[in-house]
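Chemist:
Number of protein chains: 2
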Amino acid sequence: MLINQQMVEKAEKLIPSLQSNEVEVQHIIEVIADDAAFQGWSTKQFMKPQEWKKQSYGKGDSFIVDFGDHYVGYVELAIRSVGSPPDAPLKLKLTFGEMPCEIAEPFESYDGWLSSSWLQEELMFVDVLPAEIKLPRRYCFRYIKVEVLDTSVKYKVAFDYINCKAVTSGDMSKVTALPSNLPYDIVEMDRIAIKTLQNCMQTVFEDGPKRDRRLWIGDLRLQAQANYYTIQNYDLVKRCLYLFGGMRLEDGTVGACVFEKPYAHVDDTKLFDYALFFVAVLHDYYKATQDMDTLQELWPIALEQLEIGLSRLDVRGIVTDDSTWWCFTDWHDELNKQASAQAVLIYCLKHGRELAIILGQEEQLKYITENIEFASNASMKYLWDEKAGFFVSGEERQISWASQIWMALAEVLPSTHNSLLLTRLFEDSPSIGMTTPYMYHHLIEALFLVGNKEQAIAEMQAYWGAMMQDGANTFWELYNPKDKKLSPYGSNLINSYCHAWSCTPTYFIRKYLI
Amino acid sequence: MLINQQMVEKAEKLIPSLQSNEVEVQHIIEVIADDAAFQGWSTKQFMKPQEWKKQSYGKGDSFIVDFGDHYVGYVELAIRSVGSPPDAPLKLKLTFGEMPCEIAEPFESYDGWLSSSWLQEELMFVDVLPAEIKLPRRYCFRYIKVEVLDTSVKYKVAFDYINCKAVTSGDMSKVTALPSNLPYDIVEMDRIAIKTLQNCMQTVFEDGPKRDRRLWIGDLRLQAQANYYTIQNYDLVKRCLYLFGGMRLEDGTVGACVFEKPYAHVDDTKLFDYALFFVAVLHDYYKATQDMDTLQELWPIALEQLEIGLSRLDVRGIVTDDSTWWCFTDWHDELNKQASAQAVLIYCLKHGRELAIILGQEEQLKYITENIEFASNASMKYLWDEKAGFFVSGEERQISWASQIWMALAEVLPSTHNSLLLTRLFEDSPSIGMTTPYMYHHLIEALFLVGNKEQAIAEMQAYWGAMMQDGANTFWELYNPKDKKLSPYGSNLINSYCHAWSCTPTYFIRKYLI
Numbered sequence: 066m067l068i069n070q071q072m073v074e075k076a077e078k079l080i081p082s083l084q085s086n087e088v089e090v091q092h093i094i095e096v097i098a099d100d101a102a103f104q105g106w107s108t109k110q111f112m113k114p115q116e117w118k119k120q121s122y123g124k125g126d127s128f129i130v131d132f133g134d135h136y137v138g139y140v141e142l143a144i145r146s147v148g149s150p151p152d153a154p155l156k157l158k159l160t161f162g163e164m165p166c167e168i169a170e171p172f173e174s175y176d177g178w179l180s181s182s183w184l185q186e187e188l189m190f191v192d193v194l195p196a197e198i199k200l201p202r203r204y205c206f207r208y209i210k211v212e213v214l215d216t217s218v219k220y221k222v223a224f225d226y227i228n229c230k231a232v233t234s235g236d237m238s239k240v241t242a243l244p245s246n247l248p249y250d251i252v253e254m255d256r257i258a259i260k261t262l263q264n265c266m267q268t269v270f271e272d273g274p275k276r277d278r279r280l281w282i283g284d285l286r287l288q289a290q291a292n293y294y295t296i297q298n299y300d301l302v303k304r305c306l307y308l309f310g311g312m313r314l315e316d317g318t319v320g321a322c323v324f325e326k327p328y329a330h331v332d333d334t335k336l337f338d339y340a341l342f343f344v345a346v347l348h349d350y351y352k353a354t355q356d357m358d359t360l361q362e363l364w365p366i367a368l369e370q371l372e373i374g375l376s377r378l379d380v381r382g383i384v385t386d387d388s389t390w391w392c393f394t395d396w397h398d399e400l401n402k403q404a405s406a407q408a409v410l411i412y413c414l415k416h417g418r419e420l421a422i423i424l425g426q427e428e429q430l431k432y433i434t435e436n437i438e439f440a441s442n443a444s445m446k447y448l449w450d451e452k453a454g455f456f457v458s459g460e461e462r463q464i465s466w467a468s469q470i471w472m473a474l475a476e477v478l479p480s481t482h483n484s485l486l487l488t489r490l491f492e493d494s495p496s497i498g499m500t501t502p503y504m505y506h507h508l509i510e511a512l513f514l515v516g517n518k519e520q521a522i523a524e525m526q527a528y529w530g531a532m533m534q535d536g537a538n539t540f541w542e543l544y545n546p547k548d549k550k551l552s553p554y555g556s557n558l559i560n561s562y563c564h565a566w567s568c569t570p571t572y573f574i575r576k577y578l579i
Numbered sequence: 066m067l068i069n070q071q072m073v074e075k076a077e078k079l080i081p082s083l084q085s086n087e088v089e090v091q092h093i094i095e096v097i098a099d100d101a102a103f104q105g106w107s108t109k110q111f112m113k114p115q116e117w118k119k120q121s122y123g124k125g126d127s128f129i130v131d132f133g134d135h136y137v138g139y140v141e142l143a144i145r146s147v148g149s150p151p152d153a154p155l156k157l158k159l160t161f162g163e164m165p166c167e168i169a170e171p172f173e174s175y176d177g178w179l180s181s182s183w184l185q186e187e188l189m190f191v192d193v194l195p196a197e198i199k200l201p202r203r204y205c206f207r208y209i210k211v212e213v214l215d216t217s218v219k220y221k222v223a224f225d226y227i228n229c230k231a232v233t234s235g236d237m238s239k240v241t242a243l244p245s246n247l248p249y250d251i252v253e254m255d256r257i258a259i260k261t262l263q264n265c266m267q268t269v270f271e272d273g274p275k276r277d278r279r280l281w282i283g284d285l286r287l288q289a290q291a292n293y294y295t296i297q298n299y300d301l302v303k304r305c306l307y308l309f310g311g312m313r314l315e316d317g318t319v320g321a322c323v324f325e326k327p328y329a330h331v332d333d334t335k336l337f338d339y340a341l342f343f344v345a346v347l348h349d350y351y352k353a354t355q356d357m358d359t360l361q362e363l364w365p366i367a368l369e370q371l372e373i374g375l376s377r378l379d380v381r382g383i384v385t386d387d388s389t390w391w392c393f394t395d396w397h398d399e400l401n402k403q404a405s406a407q408a409v410l411i412y413c414l415k416h417g418r419e420l421a422i423i424l425g426q427e428e429q430l431k432y433i434t435e436n437i438e439f440a441s442n443a444s445m446k447y448l449w450d451e452k453a454g455f456f457v458s459g460e461e462r463q464i465s466w467a468s469q470i471w472m473a474l475a476e477v478l479p480s481t482h483n484s485l486l487l488t489r490l491f492e493d494s495p496s497i498g499m500t501t502p503y504m505y506h507h508l509i510e511a512l513f514l515v516g517n518k519e520q521a522i523a524e525m526q527a528y529w530g531a532m533m534q535d536g537a538n539t540f541w542e543l544y545n546p547k548d549k550k551l552s553p554y555g556s557n558l559i560n561s562y563c564h565a566w567s568c569t570p571t572y573f574i575r576k577y578l579i
């Protein structure tokens, strides 16, 4: 790893203190199998907290508490015994759910490829009652299922409270109210998007506070954009830029993600597009803050990402597509990433060009400008299929949504043609579609870019609006209206239901609609 | 409850500080199904700790560590990751075993009537690696099975150490060496008995450090006797006497057991024999310490136990046998307790008589003496079956080992007849036998009392010696050489394999053999 200790220390000095907020149980609920509900589960209130506190629970009893909204935080509970003095430990199982599926479907049924250790559960033994217990781990949830696995024949237990100390570094005080003329669904979408962003804002911008609970640069880019229009925590973006800049992979590439504990360290995952996004994040940050010191310090690293990206171009000027790389683009097994990678490279070169201008770096400006031309021309020559009216990707000349969207964002075609490209995309609707809100974000952004504001809003309403109708308290990592249990990990139980890359409706609303 | 706060405070001031001792893993072992071994499980060493520390373990891997002896204490472990940076929590399961059965047989199979929460296991999620973890609960074990339930596809884990901080209030420095002429098996039996006592000596004399982990007066009586000949922690006995004396049941009865946490409190279990033993424990304590202050302060409570016991006598002078009481005597569903209860009452009256003499309480001495006569005469008249040559118990005139043994200890018959009673007992061997080391203790004590020293030693060797041959590191709560999985709780998994009432071989050896 390439460590710049000074940069890492700069990042660590920017660790924010977290705000906390105590939340109580709102309802005791049941989760009910319901074909009409999202993923087949609906919830029903059946007891008020005041009544619940009077209940006593013995071996085999269980209940589900509902905090009424999605929270990230620490759980505290107070348990007392009922009956004879407790003559054996209390054995409890807790299951935390962002969504009803996690409460209703046994975790034992999980067989996805991501670690089952992400499924939030605890087996607890309480040796002494009454007890006030502060669980040491952080959870991400709306619901908790409490199962009393055993007490003894001589006693039961009752719960005086189960509270959540919700935490975030997203201070809402700078978020302005939306104009009153906006429709209710847009106002509500904005609220949920900000809640999503806020719950992902901890000591870094996390991708998902349930899973993976860490800083990914692909998510950071979108979070930072939403943050500039809402919470405006500039230092948190700065901290994340210095974490990525201060700890790179051996060849100089910015890593795809960073861990904070037990000390800051970069993961060994390398993603072609994610590394390049360092340039875009830095440019966005400068535009939002005019922080010239940071720009000057991090510019050499940004420039190096462009050089590394360009080194993947073949003699024609096309990103080499082989088995040795990974460009993320979207969670889609069949998607060929060549064209979108090419577009991301051009997109980031253009961000770099702006930065070179700001910095007055003539030589670098020339280098970048020439390469934009080289890669753009190559794209038109080798990836543009005039007959089909689409960009193709890979040896099999695949036509996908992702390739067109990214090429539109890279503005490889002249402006009017760019708009027509997207119109054609909707008309022809290639079968290689989009699977994540991350990809949908880029579609909406492209529509706004080419001036199709009405369609951008309509698509946003169709996609994020459908999540809302399906009961989202925060926006999700994955959503396919046609396959609501879709998961790239083998099980919807492990999907993240508060996910950074899904927070951008507030960015669109506040940038383009007001 | 009747609380004498001053007595409770006196008890609490006597909370001992615990000695601790760091123990390391001795071997990595396998547990093997083996019909020839105790309960069908033997162990086999297959890796040295140095090698084990070099291994890495992924999802589904497991190993068993052996600490080489039985310990009560706190576990600390150090875990590091091997491979890529850990990108998901580590999910671990720990299973603690005093005996191989607990390691080999899944706890899910347990369906006894005692709480499954006594089975020592933990499900752990480790969010950050490397980690040095101090588990907060106390365990009682020789073996720990470690199952790596999940890591992630990117990393495995290795263990730098798993240590046990063993704790006890039993300081071995006052224990004298046995004379060198004693046979090896007796020396070894003494060592294991003291280890049993020591591991049960915590902030009270616990019955079993795995289960129930608390002060029972029936166990206390035997532990205190063994303690006077070995570890000589007189203050711990004093503390326990004040706990029982300071917190009694509503009618004045000394409770059967006491809990220490979260504050000292007496359980609501009332046992006829256990309450009376308060008198015997006090007498034994006085004989060992000559602590007149304590005797004087606790004597009124002791006397009250005799009065309460006597109040159960019917007009004939026989303990009333109905469905409203519980006299412990032994774990035996078919055993009628009337005769043994009668004998325990006389036995404790006789202890009380000694105390009244020491205290110079003429009137109380007279009262006790008269009642000894009354109850003894009634025993001979209504419970002694001249033809059978045995004491009978209950409406069905049951002849059991327990009734004869306790009547012998109460010395209801003249001295020579007492000896003959025991001889006859072995000859006729009634089918209602003994199930616990607690009952065996009283058999051995009775044999020594009547002067059958050789047989006492032989019986001790046959019973505790067989436990040793079956691999006991500490002596067990339950042992039936003919049914080695016997449990009054429905499963041998929950039996206690280091149990106070099994520690008395050292008392016999040091009182009668040297």
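Sequence order for the protein chains is A and B. Mapped onto the working numbering, the consecutive letters of the first sequence carry residue numbers 66 to 579. Mapped onto the working numbering, the consecutive letters of the second sequence carry residue numbers 66 to 579. We put the beta carbon where it would ideally sit given N, CA and C, even for glycine.
(1) Please list, in chain order, the chain B residues whose beta carbon lies closer than 7 Å to that of H330(A).
(2) Anything in chain B within Cβ reach of R202(A), meaning under 9 Å, just list it in chain order.
(3) Taking the alpha-carbon positions, what's the I144(B) to R279(A) distance?
(4) Is the segment 201–220 of chain B in contact with the segment 153–161 of chain B, if contact means three or more CB pairs nearer than 8 Å?
(5) Do the segment 299–314 of chain B and the segment 73–90 of chain B touch if we need at least three Cβ pairs shorter than 8 Å?
(6) May I ask you to check if the CB of I282(A) is nearer than 7 Å to at least one heavy atom of the ligand ZN?
(7) Looking at C-alpha atoms only, which residue of G177(B), P151(B), D215(B) is the closest neighbour of S182(A)?
(8) So which residues on chain A does S16(B) lean against when the C-beta distance must stay under 7 Å?
(9) Inspect the beta-carbon positions of S556(B) and D284(B) and report whether they are closer than 8 Å.
(10) Would you list the residues sitting across from C568(A) in a DSSP beta bridge?
(11) What residues of chain B sit near K326(A), judged by a beta carbon separation below 8 Å?
(12) Measure from the C-beta of V218(B) to each C-beta in chain A and report whether the shortest distance is under 8 Å.
(13) Please name the residue in M357(B), L371(B), F393(B), G310(B) whose C-alpha comes closest to that of M72(B).
(14) On the DSSP letters alone, give me the boundaries of the alpha helix (DSSP H) that K78(B) sits inside.
(15) With DSSP collapsed to three states, give me the class of Y544(A).
(16) Run through chain A and tell me which residues come within less than 8 Å of L179(B), C-beta to C-beta.
(17) Counting Cβ pairs closer than 8 Å, one from the segment 382–393 of chain A and one from the segment 450–457 of chain A, do we hit at least three?
(18) Is it buried or exposed, N605(A), if we count other Cβ atoms within 10 angstroms and call 16 or more buried?
(19) Closer than 9 Å between beta carbons: that is the criterion. Which residues of the segment 254–285 of chain A meet it against chain B?
(20) What number of angstroms, rounded off, separates the C-alpha of S465(B) from the C-alpha of G498(B)?
(21) Is A531(A) near P546(A), with beta carbons less than 8 Å apart?
(22) What runs of the alpha helix (DSSP H), each 4 residues or longer, lie entirely inside the segment 463–506 of chain A?
(23) Taking only beta-carbon atoms, is D333(B) less than 8 Å away from chain A?
(24) Quick one: complete beta strand (DSSP E) runs, 3+ long, within the segment 314–388 of chain A?
(25) Are the beta-carbon atoms of C413(B) and F342(B) separated by less than 8 Å?
(26) For T233(A) and L83(A), what's the separation of their Cα atoms in angstroms?
(27) Can you find the residues in the same chain that come closer than 6 Å, C-beta to C-beta, to N401(A), ignoring five residues on each side of it along the sequence?
(28) Let me check understanding here. Comparing Cα to Cα, which of L243(A), T389(A), Q104(A) lies closest to D548(A)?
(29) Starting from the C-beta of A408(B), find all residues in its chain whose C-beta is less than 6 Å away, skip the five residues before and the five after it, and write them out in chain order.
(30) Kindly indicate which three-state DSSP category G273(B) falls into: helix, strand or coil?
(31) Can you look up Y447(A) in the DSSP assignment and give me helix, strand or coil?
(32) Between which two residues does the alpha helix (DSSP H) containing G310(A) stretch?
Modeler: Reading off the structure:
(1) P150
(2) P154, F190, D192
(3) 21 Å
(4) yes
(5) yes
(6) Among the ligands in the structure shown, none appear at all, so the ligand ZN cannot be discussed.
(7) D215(B)
(8) For residue 16(B) there is no data in the structure shown, the boundaries of chain B being 66 and 579.
(9) no
(10) Paired residues: none, contrary to the question.
(11) D192, V193
(12) yes
(13) G310(B)
(14) 70–78
(15) coil
(16) A153, S217
(17) no
(18) Residue 605(A) is absent from the structure shown; chain A starts at 66 and stops at 579.
(19) R276, D277, R278, R279
(20) 6 Å
(21) yes
(22) 466–475, 480–493
(23) yes
(24) 322–324
(25) yes
(26) 5 Å
(27) S458, G459, Q463
(28) Q104(A)
(29) W471, M472, A475
(30) coil
(31) helix
(32) 299–311
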